[in-house]
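Protein chains: 2
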Amino acid sequence: MSEHWLLGKRVPRPDAIPKVTGEAVYTDDITFPGMLYGAVVRSPYACASIRSVDTSRAEQLPGVRAILTPTNSSLFSTEILYAGQKVAALAATDPHTAQEAASLIQVEYQRHRAVFDPIRAMSRDAPVVRPSRSQEFNNVCSHQRKERGDLETGFAQADIIVENTYRVGIAHQAYMEPHACVARFDVSGKLTVWTSIQGQFNVRASLASMLGMPVHDVRVIAPEIGGAFGGKTSLIMEPIAVVLAKITGAPVKIVMSRQEEFIDAHPGPGCIIHVKTAARQDGTLTAEWAEIIYDTGAAPGAPTGNFDRTRGLYRIPNFRYDIYSVYTHKLIPGAYRAPGALELTFAFESQIDHLAGELGQDPIEFRLKNAVDEGDLTVDGKVYPTIGLRESLHQAREQIKAVEHKPHRGIGVACGKWMNAIGASGVILTLNEDGSVNLTSGAVDLTGVNTVLAQIVAEELSISLDQIHVQTRDTDVAPYAALSGGSRTTYGMSLATQNAVRQLKKDLFEFASQHMPVSPEAFTVADGKVVPRDGSHTGIPIRELARIAMYSARGPLTVTGSASDPSWLADSYIFITQVAEVEVDPDTGEITVLRVSSFQDVGFALNPMLVEGQIEGGIVQGLGWGYLEGLVFDKGVVLNENLTEYKIPTALDAPELVPVLIEIPSADGPYGIKGVGEPSMVVTPAVLANAIHDATGIRLTETPLVQDDLSTRQGPLGNM
Amino acid sequence: MSEHWLLGKRVPRPDAIPKVTGEAVYTDDITFPGMLYGAVVRSPYACASIRSVDTSRAEQLPGVRAILTPTNSSLFSTEILYAGQKVAALAATDPHTAQEAASLIQVEYQRHRAVFDPIRAMSRDAPVVRPSRSQEFNNVCSHQRKERGDLETGFAQADIIVENTYRVGIAHQAYMEPHACVARFDVSGKLTVWTSIQGQFNVRASLASMLGMPVHDVRVIAPEIGGAFGGKTSLIMEPIAVVLAKITGAPVKIVMSRQEEFIDAHPGPGCIIHVKTAARQDGTLTAEWAEIIYDTGAAPGAPTGNFDRTRGLYRIPNFRYDIYSVYTHKLIPGAYRAPGALELTFAFESQIDHLAGELGQDPIEFRLKNAVDEGDLTVDGKVYPTIGLRESLHQAREQIKAVEHKPHRGIGVACGKWMNAIGASGVILTLNEDGSVNLTSGAVDLTGVNTVLAQIVAEELSISLDQIHVQTRDTDVAPYAALSGGSRTTYGMSLATQNAVRQLKKDLFEFASQHMPVSPEAFTVADGKVVPRDGSHTGIPIRELARIAMYSARGPLTVTGSASDPSWLADSYIFITQVAEVEVDPDTGEITVLRVSSFQDVGFALNPMLVEGQIEGGIVQGLGWGYLEGLVFDKGVVLNENLTEYKIPTALDAPELVPVLIEIPSADGPYGIKGVGEPSMVVTPAVLANAIHDATGIRLTETPLVQDDLSTRQGPLGNM
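Right, here's the structure in full:
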């Protein structure tokens, strides 16, 4: 049925083999003779001033080569704003000496009063973490408002109003490979940095700017990466490694420990959502009001800019949303897969379920009644094109119908929305003399993008997949690529590849017209040959044209393709409905997630196997944040700073996963695709909470959705 | 005076710094855990059949991992055609074990009658090395004839005929770094080969063909190279390393010893030239006849195809040249810097000098009288464009006039010709977001080409040189590049770079016209900005446009440029006149070369410092082949197989070198350049012989021009 012969096929990832065999090279595998190892000294206190740093004992330790402190390096500050903040760093000849030296550095602190709760931090008498951007509240990092219609009228029209406060805990991306980097200067002064990162070119730009060098004097190499999920988008240890390498004249490696990851990386933010949703008895939504308070810790970092990107599922004529980001004396959050979306979806989709329940309406019918359609407006007032929300709800309804109802079991449903980015993208295509093709990309392959780019080249040239070699290469040689995030990578890189391969075909057709009596526009490709569409000639194999070109004045056929966008986001609206089936033990409250089905509009699945993999992975991470994960603090100090106490779902914890792909083509995406890296995670805590409510009658409003809350309740543990 | 601001300037090579500091990475620096080391067993006999190969003792040596013999590998033959031929190979855990194991392999030989002299080999009763392609002679590998006019008439018109036989010995390129390679398969079956080679893509093609793989499954990386001079154009140890790596599943390194280099690399060929040249009393050449016999050893390899490329300096109405390549039981020659040219120039320019002397004419005036001009025909009948032969003779004449004549000193003059190739060439240019540029090439930089390409980019974009980073990268990512040889590299790669940077300017101008009310054609670049030619706008810095493009739908600016040629050779005719001043000790015959001046038409010197370096190096190598170097054989076995007994000129042996650049632009070369890598070597043995004759009255006709021939003579040691 498809117009494509290879796109849409379940092509395995070639990079799976080196990964499972252990051959793949990660940053920590990079070593050099004479390499030094860095270690960092961190503050045990959340709020303090440093009185003194005594490095004398560390300096005397044999093997210590350089020590950076607030006194000699602008990388460190004497003002401590969170527990785990870097105070000093050093380089030594081996990791153990480095750790020992770090333990010998004595720091004298003057402690100050701290504030950890963002609502508490907003009060006028709270300690000031950083100057507030609000006249009204302390510690406001940012505030924005989204509104439409008249809230008072909207609430006045309602028959029922549901008001709740939701709290989402801080969740770590818990990638398998911690942050790691190696920095090395060559004799010419050029810097090379190997780092586990989502975007090589960001690192290049930041380091070049820090060092005052042209970007081409900084080479960034991203070896294989062991997970990221938004947590490897910005520099973390690289500047320290670079300065230590500069001072010592030796390569310097820094690998973060798992403990360091938990106390000083950039996890998904904590968030408090106070929300009031109103509807008429017939189920028509009339108004919604919310205050959303992100805990941004000691510095800006909470992803507050994605409200329109993730909300706007229902026609609500009157709304006002105030989104605050508030400083506290805690670690600085960052992006975690669909940043900002999961926490808002948890709150707003719990509200919808709550309202439907109060009105005695089926949660799916209630959603269908209010769901946005083509022509409706987004929160920011853009007009929706054809979208897949209703289709996903319809398919979810069919799924639910087939579920057998049993005691202590519940079924939940929830919807979500996301939009993917595009981002600066570029590829180089080289047609080799035997007709095989090399594709060079600068984008880190987190999700299988390189596999998909190979499919596109093979599809467009009508040559077999084993003739294509796709590689991510370093910043010296690859075209610029924005970071692999925002569900942009396959979208943007496929656009660039489509442009490149079409340029290559254009060049081939022009060259072929010198060898066949056919004008360039009259050619197409078939079976690896350039042939006239009208069949007037048997055609010439691409490999033959490649060889001829190489020995003609034309020269070797190498082309480039680029894509980017002025607005970062693509006009692709991704809607998802998920259905969760859970069982809750009525005595212990233990939650067993039996099955999660996800009905997601993916535009077009270039490689359904990889798309399903993204959806499955997203659901499992969503479950983790939903009912297992969350940093636990004591006076700003993370207590569960290891994977024994911070539990993430393992394969054994995963329920049956049913990814269902809905394909409503995007308007401007290559081949109609939409981003799929992030959206699947958005809905899961909400659908889990709704399923638990269905099973127990208890509405949990705080993640992780802990079983204790269920077992201690006195209410009846009902079923649907 | 120049229309260029940076081209034609003496820009130093940035790669000098890593080379002199030892930071540069050569193939032998590449190591892997678990890497094996290869060693080769070689025949001590020049002609034999192998009766048996006993590997049992070697197999028992701990650390030996694989042994290849004629029995289990098609890489080896049971028929031995030269001493030093590879008989078997093995891989072991360290180089010493590998060598020891090789010494434990026992080979039983059945020896046969051999032939070493090519003239002897042509006789009907000589042992057959390989089947002859001639009805008339044995062992003829190839024969070609060049003729014009009527030889009989030409000789009949002459007043004087000079007839001599010249012999040129076999000379090794004597690069500092011997051949080295590392072969490694990854788990996916992809092969990576690091090798010291002039052309990465040749190696890729050969190995892919040998293994039956698409070329993109073979990655060839040429690390820094320690000299080549034509001696690293083809595979030598790579197939053995690859097969051993395949069998053992481990990376395998093979580094040739200096002895192996002398007995089984591909040196410049031995050649015998019997030539008869005729002129009228007034100095007009009337006819020339020659038989040229190349000693191609045990297989085709002698560079017999370059006759027209190096001859055709004089108007000779009647000529016939027969060029034979003849098999002998000796090692197989290959290319050595201007392959085929030095030996022919030695013979034919000695003839010219001899004739001039016999006629009592000044050697320069004699040459000027007969020199070809624009409109004359080449040997192959092409029409010369504007050429620099006369100009180089004029400048040489001025130089000679200034030389003071002293006893026992002589001045020699000789002319030469060469033509450079173009070859498939490609580059990628990436405009970074700060306006700096990365250029990626697949061409091995032997001569400073990367420095020159940076100059071209900087010149064309009017940005400073430190904003350009040029790099040679491997075959996976770089566009195809023919091997760095044939004086093609700067020529072809500059063409490709010129094409790329002009495409980049075109793209920039199109993009700029969206931001300035100016049509794309009306732009130029100045001071790093895109500005309208008419000054109607102050312009926009290139770095600004680069940044804007990256965040517009245009995307990052990366372009490619290619060049190639159907005929391999460019239409650029390079003429050189050299002048040598020597002193010959009348008692010992010791030759002291005082000064060599070279007047060479270089078209346009993109970087005069590098061009002069090429000329100086060529002269010194020409002197080496001329009066120091030559393999000495005993029954086909090389006796002087080390740098103690095979003497190459050191810095202390080098005379004063005076490179004079003549700039007659080439018609189709970029910026009018002509190739300069090879031509300077062409003339030197001839000019040395002519200078020795001038000093001593003795005409030496055999290289190396040995002092013994001079000291034992009874003739008067005269001066000019």
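Protein chains in written order, with this note's numbering: chain F, 2 to 721; chain L, 2 to 721. Just so you know, even glycine gets a beta-carbon here, dropped at the ideal spot from N, CA and C. Everything numeric in this text was worked out from a predicted model, so none of it was measured.
Reduced DSSP secondary structure (H/G/I, E/B, other) of residue i
i: residue 401 (chain F); result: helix
i: residue 655 (chain F); result: coil
i: residue 410 (chain L); result: strand
i: residue 695 (chain F); result: helix
i: residue 299 (chain L); result: coil
i: residue 324 (chain L); result: strand
i: residue 353 (chain L); result: helix
Beta-carbon proximity list for residue i, same chain, < 7 Å, skipping 5 on both sides
i: residue 530 (chain F); result: 540, 541, 542, 543
i: residue 307 (chain F); result: 340, 341, 342
i: residue 368 (chain L); result: 353, 394, 416
i: residue 249 (chain F); result: 37, 66, 67, 92
i: residue 658 (chain L); result: 597, 617, 620
i: residue 750 (chain L); result: Because residue 750 (chain L) is not part of the residues shown, which for chain L are 2 to 721, the question remains open.
Spatial neighbours of residue i in its chain, beta-carbon cut-off 6 Å, leaving aside the 5 residues before and after
i: residue 175 (chain F); result: 649
i: residue 434 (chain F); result: 547, 548, 551
CB contact below 9 Å: residue i versus chain F
i: residue 216 (chain L); result: yes
i: residue 502 (chain L); result: no
i: residue 602 (chain L); result: no
i: residue 360 (chain L); result: no
i: residue 470 (chain L); result: yes
i: residue 7 (chain L); result: no
i: residue 24 (chain L); result: yes
i: residue 747 (chain L); result: The first residue shown for chain L is 2 and the last is 721, placing residue 747 (chain L) beyond what the model contains.
i: residue 561 (chain L); result: yes
i: residue 286 (chain L); result: no
i: residue 371 (chain L); result: no
i: residue 252 (chain L); result: no
9 Å Cβ cutoff, residue i in contact with chain L
i: residue 27 (chain F); result: no
i: residue 721 (chain F); result: At residue 721 (chain F) the pLDDT is 31, less than 50, meaning the model places this residue with poor confidence; the figure from the coordinates comes in the next sentence. It does not: the Cβ of residue 721 (chain F) has no partner Cβ on chain L nearer than 9 Å.
i: residue 452 (chain F); result: no
i: residue 564 (chain F); result: yes
i: residue 18 (chain F); result: yes
i: residue 176 (chain F); result: no
i: residue 480 (chain F); result: yes
Residues near residue i by beta carbon distance below 8 Å, same chain, minus five either side
i: residue 359 (chain L); result: 161, 163
Contact list for residue i against chain B, beta-carbon separation under 8 Å
i: residue 567 (chain L); result: The displayed structure is made up of protein chains F and L, and chain B is not among them.
Which parts of the stretch 192-263 of chain F are runs of the alpha helix (DSSP H), unbroken and 4 residues or longer, counting only runs that do not cross its ends? 201-212, 239-249
For the stretch 286-293 of chain L against the stretch 215-224 of chain L, are there 3 or more C-beta pairs whose distance is under 8 Å? no
Unbroken beta strand (DSSP E) runs of length 3 or more, entirely within the stretch 545-627 of chain L: which are they? 559-564, 570-585, 592-602
Measuring CB atoms only, is the stretch 353-372 of chain F touching the stretch 300-308 of chain F, in the sense that at least three cross pairs come out at less than 8 Å? no
Should the stretch 150-168 of chain F be called in touch with the stretch 325-339 of chain F, which here means at least 3 C-beta pairs below 8 Å? Flag = no, the stretch 150-168 of chain F and the stretch 325-339 of chain F do not touch.
Taking 8 Å as the threshold, find out whether the stretch 556-576 of chain L comes into contact with the stretch 664-675 of chain L through three or more Cβ pairs. Contact between the stretch 556-576 of chain L and the stretch 664-675 of chain L is present: 3 or more CB-CB pairs across the two stretches fall below 8 Å.
Mind the definition here: the stretch 64-78 of chain L touches the stretch 243-254 of chain L only if three or more C-beta pairs lie below 8 Å; say whether that holds. yes
Closer than 8 Å is the cut-off here; do at least three beta carbon pairs connect the stretch 146-163 of chain F with the stretch 684-702 of chain F? no
Assess, as a yes-or-no matter, whether the stretch 256-274 of chain F is touched by the stretch 627-643 of chain F under the definition of 3 or more beta carbon pairs within less than 8 Å. yes
Three CB pairs or more closer than 8 Å across the stretch 110-118 of chain L and the stretch 28-40 of chain L: Counting Cβ pairs under 8 Å, fewer than three are found: no touch.
Say whether the stretch 492-504 of chain F touches the stretch 656-675 of chain F, bearing in mind that this needs 3 or more beta-carbon pairs closer than 8 Å, one atom from each stretch. yes
Touch test, the stretch 129-137 of chain L against the stretch 316-324 of chain L, Cβ-Cβ under 8 Å, three pairs minimum: no
What are the complete alpha helix (DSSP H) segments, minimum 4 residues, inside the stretch 14-39 of chain F? 17-22
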